[in-house]
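Undergrad: All residue numbers for the sequence shown refer to the numbering used here, where the first residue is 30 and numbers rise by one.
Each residue gets a CB set at the ideal place from its N, CA and C atoms; glycine is no exception.
Keep in mind that this is a model prediction, so the values were computed, not measured.
Right, I'll just put the structure down here and ask away after.
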Amino acid sequence: MAVERTLILLKPDALQRGLCGEVLSRLEKRGLQIAGLKMIQLDKAKCDEHYAHLVSKPFYPKLAAFMTSAPVVALVAEGVDAVNVLRAMCGPTNARTALPGTIRGDYSLSTQYNIIHASDSLETAHKEVARFFKKEELHAWKRAMDAFTAADDEKK
Ligand code: IDP
Ligand code: MG
């Protein structure tokens, strides 16, 4: 299985409800690595581009108003099979059908206000990461569990 990068957006409802830290913490605890992280205020054009598959839907004007109502926290999560892992962690779009233990199933009762976006395929992930992050905003780093021991504290 290959290491993948996938785009995550913590939507304005996560920000408004003070849930960004908790959601981010879940990804870190699962073992996913953060390759990029920033706050972005979406404008209508960027929202239309991101949700191009939905612009003709009757609910789209409300969705666009929601997504541009406050900033989003955008991050790139990296890990083995990260695209599928993140989609499973999110749960289905309609949060009322999401199982407890999923992010949507634990924090939302809504289809629109469902806390988190995650890329739906590896191909989409490539496009979405490039849509929100410049190359120099992404970081490759090695997880080194033994790097932060007290050994260095004892050097006088
Ligand atoms: P996903 O986020 O689970 O991939 P998509 O179908 O790509 O679901 O829809 C993108 C976002 O649009 C959803 O996460 C949700 O916020 C919103 N959305 C999708 N379907 C509906 C709907 O029927 N009513 C209201 N909002 C919707
Ligand atoms: Mg989607």
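(1) Is His155 near ligand 1, judged by its Cβ being under 7 angstroms from some heavy atom?
(2) In chain order, which continuous runs of the beta strand (DSSP E) of length 3 or greater are located wholly inside the stretch 106-180?
(3) By alpha-carbon positions, which one of Gly60, Val105, Ser139, Tyr136 ends up nearest to Glu174?
(4) Since I believe Leu44 is in contact with Val102 (beta carbons under 8 angstroms), could you give me their beta-carbon distance rounded to a whole number of angstroms?
(5) Less than 7 angstroms between the CB of Asp149 and some heavy atom of ligand 2, yes or no?
(6) At a threshold of 7 angstroms, does Asn113 count as lining ligand 1 (C-beta to nearest heavy atom)?
(7) Mapping DSSP to helix, strand and coil, what is Gln45?
(8) Please list the terminal residues of the continuous alpha helix (DSSP H) segment that includes Glu78.
(9) At which residues does the alpha helix (DSSP H) containing Lys67 begin and terminate?
(10) Decide yes or no for the touch test of the stretch 133-144 against the stretch 154-166: beta carbon pairs closer than 8 angstroms, at least 3 of them.
(11) In the structure shown, what three-state DSSP assignment does Val84 receive?
(12) Ligand 1 and Gln141: does the residue's C-beta get closer than 7 angstroms to at least one heavy atom of that ligand?
(13) Beta-carbon separation of Leu36 and Ala127 under 8 angstroms?
TA: In short, the structure shows the following:
(1) no
(2) Positions of the beta strand (DSSP E) runs, each at least 3 residues long and wholly inside the stretch 106-180, are given as 145-147 in order along the chain.
(3) Correcting the residue identity first, residue 174 is Met in this sequence and not Glu. Nearest neighbour of Met174 by Cα position, chosen from Gly60, Val105, Ser139, Tyr136, turns out to be Gly60.
(4) 7 angstroms
(5) Checking the Cβ of Asp149 against ligand 2 gives yes.
(6) no
(7) helix
(8) In the DSSP assignment, Glu78 falls within the unbroken alpha helix (DSSP H) covering 73-79.
(9) Looking at the DSSP string, Lys67 is not in any alpha helix (DSSP H); the run it does join, the beta strand (DSSP E), is 62-69.
(10) no
(11) coil
(12) yes
(13) no
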